[in-house]
Each structure stands twice: as C-alpha cells, then as structure tokens.
C-alpha cells in the first residue's frame, strides 16, 4: 500500500531584496524546513514559490523561515 503525499504550492511576496545573493539566502533557509520539496525565489518580482507538504510545513513556518533569513514575506494570490 502506498500513501500519496499531497504537495501544496504556496506563493509569497517578499520585501527587502537588495541583491541577487538574497535569493540563495532565502532558498537555503526555506529549503531546510521539513516537508519542503522545492523553493524558487524570483529576484526581479520579489516572488517566492514553495512546493511543500502542508502537514509538515505550514505557510506560517515558511514566512518565519524567510524572516529568519532577514526578509519580510506574506502569502500572495499571484
């Protein structure tokens, strides 16, 4: 019997980007969270896309990880 994990795609808008190296800092911090499968940070649009297992990592956990990296983030519809 296999159990299917449902992946949630979360989109966040971030503030405080000053250089492209900020991208790696955020990706590294968010990528450490349990249940995170993929993190993409778009420097030009200040958008963060995260594929994660919501039963292991919530949106609040992701926002907190971005804050730990030194940036503000909030959920976004687009």
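In full-length UniProt numbering, the protein residues as written are 1 to 78.
The beta-carbon is built from N, C-alpha and C at its ideal position, and this holds for glycine as well.
(1) By DSSP, does residue 44 sit in helix, in strand, or in coil?
(2) Does DSSP classify residue 18 as helix, strand or coil?
(3) Report yes or no: do three or more beta-carbon pairs, one from the segment 58-66 and one from the segment 26-40, lie closer than 8 Å?
(4) Is the CB-CB distance between residue 76 and residue 13 below 7 Å?
(5) Measuring only the C-alpha atoms, how far is residue 53 from residue 73?
(6) With DSSP collapsed to three states, give me the class of residue 25.
(7) Residue 71: which of 19, 34 and 8 sits nearest, CA to CA?
(8) Quick one, which of 51, 57 and 61 has its alpha-carbon nearest residue 102's?
In short, the structure shows the following:
(1) coil
(2) coil
(3) yes
(4) yes
(5) 19 Å
(6) helix
(7) 19
(8) Residue numbering for the chain in the displayed model covers 1 to 78; residue 102 lies beyond these limits and cannot be assessed.
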